[in-house]
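Working notes, beginning with the structure itself.
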Amino acid sequence: MRLQHHAAPNRYSLGIQWQSDSNPDIRLEFNGKVIQTDESHIAEAIDVATHEIAGRGKEISHSPLTLVVRKKGVPDLTMMDLPGISRVPVHGQPKDIYEQISSIIMEYISPKESIIGYC
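Residue numbering for the sequence shown follows the UniProt record's numbering, beginning at 1 and increasing consecutively.
Structure, rendered in structure tokens:
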């Protein structure tokens, strides 16, 4: 499976969880919901979930979105794609955008088990 860069910036934490399993399954989990999808419809499912989690504007959300990929031969691994730091709110963003994003990031990078990569 190949995940392509999504043009819109994250407004939430996106987790990608790979699990080796002989019964293939791809789904999104968020806010207690599960949406089944397939490789060709992942981007569309993420867009629908994004609007439900963070709205259609420029708001951000502390609710994570997790893409679970169960497929034979993939490693058991979880990666998180966190929102980028924004110090100055743009039109439609909350005035405390920096504090909100910082809080989300610290939640994931504070545990000693975390391995941090960036690009």
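Glycine included, each C-beta is placed from N, C-alpha and C at the ideal position.
Close CB contacts of residue 57 within its chain, under the 7 Å cut and outside five residues either way in sequence, are with 92 (chain order). By the C-beta criterion, the stretch 94-108 is judged not to be in contact with the stretch 40-54, since fewer than 3 inter-stretch pairs fall below 8 Å. Counting C-beta pairs closer than 8 Å gives fewer than three between the stretch 46-56 and the stretch 98-114, which falls short of the contact rule.
Of all alpha-carbon atoms in 87, 80, 90 and 89, the one lying nearest the alpha-carbon of residue 109 is that of 80. Straight through space, the alpha carbons of residue 103 and residue 51 are spaced by roughly 21 Å.
Taking C-beta atoms as the reference points, residue 89 and residue 13 fail to come closer than 8 Å.
Within the same chain, no Cβ atom closer than 6 Å to the Cβ of residue 107 is found once the five residues on either side in sequence are excluded. Following the DSSP letters along the chain, one finds residue 48 inside the alpha helix (DSSP H) bounded by residues 42-54. A straight line joining the alpha-carbon of residue 105 with that of residue 114 spans about 12 Å.
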